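Below: one structure, written as structure tokens.
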Amino acid sequence: MKVKTNIGWLILLLFIALFPGTLGRMSPYYNTVLILVGIYVILAVSLDLLIGFAGQISVGHAAFYALGAYTSGILTVKHGISPSIALLCGLLVSGFVAWGIGRAVLRLKGYYLAMATLGLNAVIVKLITCFASITGGASGLLNIPPFRIFGLTLQDHTYYYYFVWGVVILVISCCLALARSPFGSTLIAIHSDEEAASTLGIDCPKYKLHVFVISSMLAGMAGSLFAHFMGFIAPDDFDIFTSILILVMLFLGGVGTIYGAALGAAFLKLLPEVTYRFQNYELFFHGLILILVLIFMPKGLLGILTHIKDWSLKSKHRSNLSSLGMER
Amino acid sequence: MHDETNRNGRVDGKHLLRVDGITKSFSGLTALSDVSFGIERSHIKALIGPNGAGKTTLLNIISGLLSPDSGHVYYRGRDLMRLRPHEIAAQGLSRTFQLVRLFTANNAKVLDNLLIGAHSKLKPSLLKSLFLRGIIRHQHREVRERAYEQLRFVGLERAAGDTSPSNLPFGNQRLLEIARALMAEPEVLLLDEPASGLNDAEVEDFKKILLALKEKGMTILLVEHNMKLIMDVADEIVVLDFGRKLAEGNCDEISRNRKVIEAYLGSDYTKLAGGNHSA
Chain X
5 MKVKTNIGWL
15 ILLLFIALFP
25 GTLGRMSPYY
35 NTVLILVGIY
45 VILAVSLDLL
55 IGFAGQISVG
65 HAAFYALGAY
75 TSGILTVKHG
85 ISPSIALLCG
95 LLVSGFVAWG
105 IGRAVLRLKG
115 YYLAMATLGL
125 NAVIVKLITC
135 FASITGGASG
145 LLNIPPFRIF
155 GLTLQDHTYY
165 YYFVWGVVIL
175 VISCCLALAR
185 SPFGSTLIAI
195 HSDEEAASTL
205 GIDCPKYKLH
215 VFVISSMLAG
225 MAGSLFAHFM
235 GFIAPDDFDI
245 FTSILILVML
255 FLGGVGTIYG
265 AALGAAFLKL
275 LPEVTYRFQN
285 YELFFHGLIL
295 ILVLIFMPKG
305 LLGILTHIKD
315 WSLKSKHRSN
325 LSSLGMER
Chain E
150 MHDETNRNGR
160 VDGKHLLRVD
170 GITKSFSGLT
180 ALSDVSFGIE
190 RSHIKALIGP
200 NGAGKTTLLN
210 IISGLLSPDS
220 GHVYYRGRDL
230 MRLRPHEIAA
240 QGLSRTFQLV
250 RLFTANNAKV
260 LDNLLIGAHS
270 KLKPSLLKSL
280 FLRGIIRHQH
290 REVRERAYEQ
300 LRFVGLERAA
310 GDTSPSNLPF
320 GNQRLLEIAR
330 ALMAEPEVLL
340 LDEPASGLND
350 AEVEDFKKIL
360 LALKEKGMTI
370 LLVEHNMKLI
380 MDVADEIVVL
390 DFGRKLAEGN
400 CDEISRNRKV
410 IEAYLGSDYT
420 KLAGGNHSA
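Protein chains in written order, with my numbering: chain X, 5 to 332; chain E, 150 to 428.
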């Protein structure tokens with residue numbers, strides 16, 4: 005069974021690796037779509053660490069996405085700093101802001117935390133609009149250079165595609181490693197019962213802050229990747245609706261599994277590529293599919309997949325038993 | 150034990166854990182007033198009293214979940230009052246809860262609960278979990294072995310590590326919570342009504358666990374209503390009534406104490422307790 009799951013992963017990796025050469029050839033547009041999918045996978049997966057594992061609901065993930073994007077954009081456009089260094093700065097700035105704000109905000113619980121992070125997102129977007137001389141204001145920041153690493157400019161979307169997906173795979177494996185380590189168990193304890201966790205020696209504020217910082221840093225990195233890919237960023241890309249979109253991706257895919265978040269992000273980003281065929285009814289079908297998924301798959305898309313797997317295992321088990329004449 | 154002199158100059162070598170003049174009121178309602186007693190190393194001290202006497206409040210104060218209006222808790226002569234709950238736990242005090250509080254978020258399993266119990270041993274920081282995975286994996290393996298040992302010790306060897314705690318029968322959930330507390334390798338165990346909701350056979354098994362722990366040198370503060378269990382295991386008993394200490398002494402003294410009988414046990418209990426002791 006272990007081998008089987010590995011084969012599934014190999015097929016997925018192979019698909020990602022071969023995509024630009026095959027399907028992507030047909031139209032460069034598909035490459036751009038998959039790059040955006042990759043960026044949203046990072047956002048959803050990083051939010052899953054915070055919400056799915058530590059149980060801290062944030063409705064302001066796009067604030068840190070914005071911080072990364074604007075740090076990268078401003079440093080490269082206004083100060084001519086190399087994009088790879090700008091990306092690191094984006095990581096650090098989002099992490100630092102998350103550290104400062106998290107110390108105060110993470111004392112709140114449940115809906116109050118959700119409201120505070122929602123407010124944070126609104127404040128960040130407002131600040132970006134107000135400081136127009138630095139950020140370009142409401143009309144956006146233009147001419148952000150493409151990503152350059154080791155003297156190689158990743159102008160071509162195929163190269164950038166591989167870069168982004170390389171980062172995505174790195175992020176997913178780091179998040180999985182964290183989630184499966186005792187650090188992940190500690191987060192689950194905090195999620196279940198902070199008081200009980202503290203009587204077992206867990207410093208809840210510290211762990212909540214650490215997971216908030218790492219989750220925000222990853223969002224900031226997604227922002228940098230986005231800025232260098234689009235070449236143009238505006239406050240609208242990072243408003244509350246973006247945060248809610250990331251949340252929907254997470255809950256759609258299945259919360260607290262990492263894979264689920266990745267699946268949800270891919271599904272929701274690819275869905276418009278199908279529903280646009282319905283033209284005027286596009287939004288209707290988009291909404292309908294979302295509602296159906298959320299009603300009939302309470303554990304998300306991943307829940308359905310594991311359900312099917314369990315079911316097939318069980319039926320195999322049953323057929324084995326019956327072949328031995330031991331059916332219950 | 151000879152070096153356990155607390156800062157107030159009071160020599161307190163006898164007691165491993167000592168509560169001193171604890172007073173706590175909730176919006177004017179006094180839950181505890183001036184409660185003091187100590188527990189000797191490797192003793193089982195029972196804390197009894199009618200519902201609302203302040204037993205759980207006192208346990209919450211000792212474990213740092215509540216802070217008292219006045220008074221101190223000394224552990225090995227060190228004042229615990231400035232410490233936060235996780236620091237107190239790290240000092241070697243573990244507890245269980247009256248209503249079992251197991252971790253169930255994210256499909257956490259029996260084994261996960263036990264591994265979390267070993268937190269103060271593992272100290273899995275973010276950076277360590279990301280970059281020192283070899284060390285973490287090695288420690289994890291040791292802790293996992295210890296987890297199965299603890300499961301065997303509390304008699305849960307049949308509960309598979311990957312079952313969900315909420316699928317266990319209630320009595321087993323209590324035992325699992327105790328096993329989780331033991332994973333921290335504490336010196337003092339604070340148990341809040343561990344036998345409530347257990348049937349007679351389970352209480353009998355639980356008694357064996359308590360005595361085995363005492364044998365190993367564990368110091369236990371036991372909040373309990375089951376008097377038969379207490380008479381069988383406790384070294385001393387403290388009686389609380391309306392937040393005041395009513396009496397303190399060994400089982401015989403308490404069962405003969407008129408004030409206790411009037412306030413709490415009821416007149417017919419004396420016969421029962423006496424019967425137990427002659428048997």
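Ideal Cβ placement from N, Cα and C applies to all residues, glycine included. Predicted, not measured: the structure shown is a model, and the values here were computed from it.
Proximal residues to residue i (C-beta, below 7 Å), its chain only, five neighbours per side dropped
i	result
E:ARG407	none
E:VAL352	ALA344, ASN375 and LEU378
X:ILE20	TRP169
E:TYR164	Note on identity: in this sequence residue 164 of chain E is His, with Tyr being the wrong assignment. Cβ within range, chain order: GLY187, ILE188 and GLU189.
X:PHE282	PHE289
X:LEU275	HIS290 and ILE293
E:ASP152	Residue placement at E:ASP152 is poorly supported in this model, since its pLDDT is 42, which falls under 50; the coordinates still yield a value, given next. So the list is empty, once near-sequence residues are dropped.
E:PHE355	PRO343, ALA344 and LEU347
Sequence-distant residues of its chain with Cβ nearer than 6 Å to residue i (five each side left out)
i	result
E:HIS426	Only weak support exists for where E:HIS426 lies, its pLDDT of 43 falling under 50; the value from the coordinates is given anyway. Correct list: empty, nothing qualifies.
X:VAL109	ALA120
E:LEU166	ILE188, TYR224 and VAL337
E:MET150	Per-residue confidence for E:MET150 stands at a pLDDT of 38, beneath the threshold of 50, marking its modelled position as unreliable; the derived number appears in the next sentence. Once the five neighbours on either side are set aside, the close Cβ partners of E:MET150 are GLY162.
E:ARG156	Its pLDDT being 43, under 50, E:ARG156 is placed unreliably by the model, and nothing is read from it.
E:SER219	THR172
E:LYS363	ILE193
Residue i to residue j span [Cα, whole Å]
i	j	result
E:SER216	X:PRO239	46 Å
X:TRP13	X:PHE167	19 Å
E:GLU334	E:THR368	12 Å
X:MET5	X:SER185	Residue confidence is low: X:MET5 scores 42 on pLDDT, short of 50, so the model does not pin down where it sits. Its coordinate-derived value is still stated next. If you take the alpha carbons of X:MET5 and X:SER185, they lie about 22 Å apart.
E:ASN316	X:VAL278	42 Å
E:LEU338	X:GLY260	33 Å
X:ALA126	X:VAL252	18 Å
E:ILE285	X:LEU174	20 Å
E:LYS277	E:GLN240	22 Å
E:SER313	E:THR253	7 Å
X:MET30	X:CYS179	33 Å
E:SER191	E:LYS365	8 Å
X:ILE43	E:LEU347	53 Å
E:PRO199	E:LEU325	27 Å
X:MET225	E:LEU271	30 Å
X:SER319	X:TYR163	45 Å
X:THR36	X:LYS313	32 Å
X:LEU27	X:SER196	44 Å
E:SER174	X:SER50	44 Å
E:ILE265	X:SER137	50 Å
X:ILE55	X:SER247	13 Å
E:VAL303	X:ILE299	42 Å
X:THR75	X:LEU38	24 Å
Own chain partners of residue i with C-beta closer than 8 Å, once the 5 adjacent residues on each side are dropped
i	result
X:LEU305	LEU256, GLY257, GLY258, GLY264, LEU267, GLY268, PHE271 and VAL297
E:ASN321	LEU305 and ALA308
X:ILE206	THR190, ALA193 and ILE194
E:ASP341	LYS204, THR205, LEU208, ARG244, THR245, PHE246, GLN247 and VAL372
X:LEU146	VAL81, GLY140, GLY235 and PHE236
E:GLY424	Note on E:GLY424: pLDDT 44, under 50, position unreliable in the model; the coordinate value appears next. None.
Nearest residue (CA-CA) to residue i, options the options
i	options	result
X:LEU71	X:LEU110, X:VAL81, X:ALA231 and X:PRO209	X:ALA231
E:LEU300	E:PHE391, E:THR205, E:GLN247 and E:ALA328	E:ALA328
X:LEU213	X:SER62, X:ILE312, X:GLY106 and X:HIS65	X:GLY106
E:LEU251	E:GLN240, E:LEU263, E:GLY241 and E:LEU242	E:LEU263
E:VAL168	E:THR312, E:ARG323 and E:LEU229	E:LEU229
E:GLY398	E:GLY201, E:THR172 and E:ILE193	E:ILE193
X:ALA48	X:TYR116, X:GLY227 and X:PRO209	X:GLY227
X:PHE233	X:GLY77, X:ALA118, X:LYS313 and X:PHE245	X:GLY77
X:PHE57	E:ASN256, E:ILE211, E:ALA238 and E:PRO199	E:ASN256
X:ASP241	X:VAL45, X:ASP197 and X:ALA66	X:ALA66
X:ILE244	X:TYR33, X:TYR116 and X:LEU122	X:LEU122
X:LEU92	X:HIS311, X:PHE151 and X:GLY144	X:PHE151
E:LEU214	X:PHE154, X:ILE128, X:TYR165 and X:GLU199	X:GLU199
Inside the stretch 202-260 of chain E only - beta strand (DSSP E) runs reaching at least 3 residues
219-224 and 242-244
Ranges of the alpha helix (DSSP H) found wholly within the stretch 222-280 of chain X, counting only runs of at least 4:
244-257 and 263-279
Cβ pair count under 8 Å reaching 3, the stretch 55-69 of chain X against the stretch 212-229 of chain X
yes
Please give the ranges of any beta strand (DSSP E) in the stretch 253-300 of chain E, keeping only runs that are unbroken, at least 3 residues long and fully inside the region.
none
Minimum length 4: unbroken alpha helix (DSSP H) runs contained in the stretch 113-200 of chain X
114-134, 136-139, 161-184 and 186-196
Unbroken alpha helix (DSSP H) runs of length 4 or more, entirely within the stretch 352-382 of chain E: which are they?
376-382
Beta strand (DSSP E) segments (min. 3 residues) lying fully within the stretch 292-348 of chain E:
337-341
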